[in-house]
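Numbering (my numbering), first residue to last: 11 to 166. We put the CB at the ideal spot given by N, CA and C, even for glycine. The block underneath contains the structure these notes are about, expressed in structure tokens.
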């Protein structure tokens, strides 16, 4: 008997996780809206991205990409910094915490014991290993600006 591992979470699960984490951080007053016109999305120079990897019973990577405007607004709300100037370390902390929460929830859906890596955050687009393929992607909009959550897993 051969047991096959799932390639990744279902899109509906990624959507639900993202909305739940988003509302827990930012409240329900200004919800994350699904976006259906995802291409073209945003240029590399105006994006913050973060990724965490899951290793164990299931292996994959969860990536969050946000426009710079969303990343800065998210940081101000998460760190309660209304008028203070933001530095890149503040934005990296906030974006890293967001991907950590989304990645941890994705990990909890997948089979077997597993571990979550520390987040890797960058001002720019996330790069993925050629050994991984996208298995789920949720494109959304917040304040009219793009948000993308992707899950990549090894090609089967």
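| Item | Value |
| --- | --- |
| Helix, strand or coil at residue 128 [DSSP, three-state] | coil |
| Beta carbon of residue 134 nearer than 7 Å to that of residue 66 | no |
| Buried or exposed by the 16-neighbour rule on C-beta atoms within 10 Å, applied to residue 118 | exposed |
| Rounded straight-line distance, which links the Cα of residue 146 to that of residue 168 | There is simply no residue 168 to check, as the chain begins at 11 and stops at 166 in what is shown. |
| Residue environment, residue 148, which counts as buried when at least 16 other CB atoms sit within 10 Å | buried |
| Backbone CA spacing between residue 165 and residue 156 [nearest angstrom] | 27 Å |
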